[in-house]
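Per numbering that gives the first Met the number 0, numbering through the sequence shown is continuous, rising by one, with the last residue being 339. Idealized CB from N, CA, C, for every residue including glycine. Small disclaimer: the values here were computed from a predicted structure and weren't measured. Everything below concerns the one structure shown next.
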Amino acid sequence: MQLFLTQILPTVLMFGLIIFVHEFGHFIAAKLNKIKVLEFALGMGPAIFKLTRKGTKYAVRLFPIGGYVSMEGEHDDSEDKGAFNRKSVPRKASVVSAGAAMNLLLGFLIMMITVIMQPGITGRTITGFVENSQSLQAGLESGDKLEKINNFGIFTEIDVIFQMDKIRSAGKTDADITVSRNGKSVRLENVPILDDEGRNNFYLGRVPKNIINVASESLLKTVSFVRMVWLSIVDLFTGRIGVEQLSGPVGVSGAVGSAVRSNISSFLVLISLISINVGIFNMLPFPALDGGRLVFLLIESVRRKPLNPKIEAAVNGAGLVLLLVLMVIITFKDVFQLIF
Numbered sequence: 000m001q002l003f004l005t006q007i008l009p010t011v012l013m014f015g016l017i018i019f020v021h022e023f024g025h026f027i028a029a030k031l032n033k034i035k036v037l038e039f040a041l042g043m044g045p046a047i048f049k050l051t052r053k054g055t056k057y058a059v060r061l062f063p064i065g066g067y068v069s070m071e072g073e074h075d076d077s078e079d080k081g082a083f084n085r086k087s088v089p090r091k092a093s094v095v096s097a098g099a100a101m102n103l104l105l106g107f108l109i110m111m112i113t114v115i116m117q118p119g120i121t122g123r124t125i126t127g128f129v130e131n132s133q134s135l136q137a138g139l140e141s142g143d144k145l146e147k148i149n150n151f152g153i154f155t156e157i158d159v160i161f162q163m164d165k166i167r168s169a170g171k172t173d174a175d176i177t178v179s180r181n182g183k184s185v186r187l188e189n190v191p192i193l194d195d196e197g198r199n200n201f202y203l204g205r206v207p208k209n210i211i212n213v214a215s216e217s218l219l220k221t222v223s224f225v226r227m228v229w230l231s232i233v234d235l236f237t238g239r240i241g242v243e244q245l246s247g248p249v250g251v252s253g254a255v256g257s258a259v260r261s262n263i264s265s266f267l268v269l270i271s272l273i274s275i276n277v278g279i280f281n282m283l284p285f286p287a288l289d290g291g292r293l294v295f296l297l298i299e300s301v302r303r304k305p306l307n308p309k310i311e312a313a314v315n316g317a318g319l320v321l322l323l324v325l326m327v328i329i330t331f332k333d334v335f336q337l338i339f
């Protein structure tokens, strides 16, 4: 029962929220563009609840592993004036990209909630050092404001944590640091910023908590997550990280359980990160993803006519199969690591 309450149920609710927001983005954009929506469904498989209003069927389906918005003329050549295929490329593009946009908005709003919940806002200014700090001996000073770590721009504590993790993963304790000192940028090389146990050997101060700082910090942290997710995707496709480091629903469930057992703020930060992750991943130019559909719309705008629906359906079907195979592989990997 404890596993269900602290891990399984929160994971289902989290993905349900993220998927609902994503599909609601497509739904509301379709409505605003006067596109006929046939069905708005949360989940897959047989319907356990359904309601039809004004020509649209709303359904909750048995398996909480996805969702969809079905529109008239989305996959065929419909003559209906409210059909998706009868709209201009910009209107269709706005509908396709609205899901990812809503995921980013959800990530930002949840991030703002976590910033409000925190007792203070951690800034980028160094206010002290641990005893016998090697970074202090290497030239860092109290009052220095972090600008870059290993040429990676620092805007929030998330950027600091991200870089510290990369340094630990590389088996190092030092980094090149650029700080703002007395109004000037100062670069320090090979600064040992981690102790022997991999912990920071300096402290960052806090900034006043007011409306402007909360809004600014929330936006900057959202941007930090966007950048972190994007760089991780780039690292994956360039081979810097392997597929074995990816996590599917089982692996994410473990992270959710740890966050829930920690505190509500950690859980909310994880939801924000995953929502942003889903939004960015969906915009990749890969068949079956929203980004792939945008590529087809780009081709349509160049050709001045849409591609054959059968060809588009075949390409998207192949992309979906590849994504499902990848998901199965990752899930087996997560289960194997869980057991062994």
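Residue i versus residue j: straight-line alpha-carbon distance, rounded
i	j	result
Val271	Leu323	Reading the sequence as shown, one finds Ser at residue 271 and not Val. So the two alpha carbons sit approximately 24 Å from each other.
Phe331	Arg292	29 Å
Tyr67	Leu12	17 Å
Ile310	Thr10	36 Å
Asn262	Ile160	19 Å
Ile64	Met43	6 Å
Lys171	Gly15	39 Å
Leu141	Lys220	It should be pointed out that residue 141 corresponds to Ser in this sequence rather than to Leu. In a straight line, the C-alpha of Ser141 is about 24 Å away from that of Lys220.
Gly81	Lys53	13 Å
Met110	Glu78	44 Å
Val277	Gln136	43 Å
Gly98	Val222	18 Å
Val185	Arg123	15 Å
Phe62	Tyr202	46 Å
Phe107	Leu269	12 Å
Met0	Ser252	15 Å
Met282	Asp289	5 Å
Asn307	Val294	14 Å
Ala46	Arg60	4 Å
His25	Ser257	32 Å
Thr55	Leu31	14 Å
Asn84	Gly197	56 Å
Ser93	Pro191	48 Å
Lys340	Ile27	Nothing about residue 340 can be reported from this structure: the residues present for the chain run from 0 to 339 only.
Ser179	Ile298	47 Å
Asn181	Glu130	25 Å
Lys86	Arg302	16 Å
Phe285	Val233	14 Å
Ile369	Pro305	With the chain covering only 0 through 339, there is no way to say anything about residue 369.
Lys33	Leu321	33 Å
Ser231	Leu325	17 Å
Thr177	Ala313	51 Å
Arg260	Ser134	34 Å
Lys183	Ala317	54 Å
DSSP bridge partner residues for residue i (one or two, in chain order)
i	result
Met70	Val36
Ile120	Val206
Asp173	Pro191
Met43	Phe62
Leu145	Val178
Lys56	Glu38 and Thr51
Asn199	Leu193
Ile125	Leu203
Ser184	Ser179
Phe151	Ile148
Residue from the options with nearest C-alpha to residue i
i	options	result
Ile210	Lys86, Arg260, Gly119 and Ala258	Gly119
Asn315	Gln162, Asn212 and Glu73	Glu73
Ser265	Gln117, Ile153 and Val185	Gln117
Asp175	Gly182, Phe151 and Ile157	Phe151
Ile115	Ile298, Ala258, Ile232 and Ser217	Ser217
Asp195	Glu146, Ser132 and Asp158	Ser132
Glu38	Asp76, Ser93 and Met70	Met70
Gln6	Val255, Lys86, Arg302 and Phe285	Val255
Leu145	Ala317, Ala169, Gly204 and Lys49	Gly204
Ser215	Lys86, Leu325, Phe83 and Thr121	Thr121
Ser168	Pro207, Ile240, Val206 and Ala317	Ile240
Val381	Thr155, Ala313, Ala312 and Lys183	As displayed, the chain neither begins before 0 nor continues past 339, which places residue 381 out of reach and without an answer.
Beta-carbon proximity of residue i to residue j, cut-off 8 Å
i	j	result
Ile275	Val225	yes
Asp164	Asn189	no
Val95	Ser300	no
Lys35	Leu296	no
Ile153	Leu193	no
Asn200	Phe128	yes
Leu319	Ala287	yes
Asp143	Ile157	no
Leu187	Gly238	no
Ile279	Val228	yes
Ala29	Ala40	no
Ile112	Leu8	no
Any chain D beta carbon closer than 8 Å to residue i
i	result
Glu216	Included in the structure is just one protein chain, with no chain D present.
Exercise for the section: State whether the segment 5–20 contacts the segment 96–109, with contact taken as three or more CB pairs (one from each stretch) at a distance under 8 Å. Expected result: Between the segment 5–20 and the segment 96–109, the count of Cβ pairs shorter than 8 Å is three or higher; the stretches touch.
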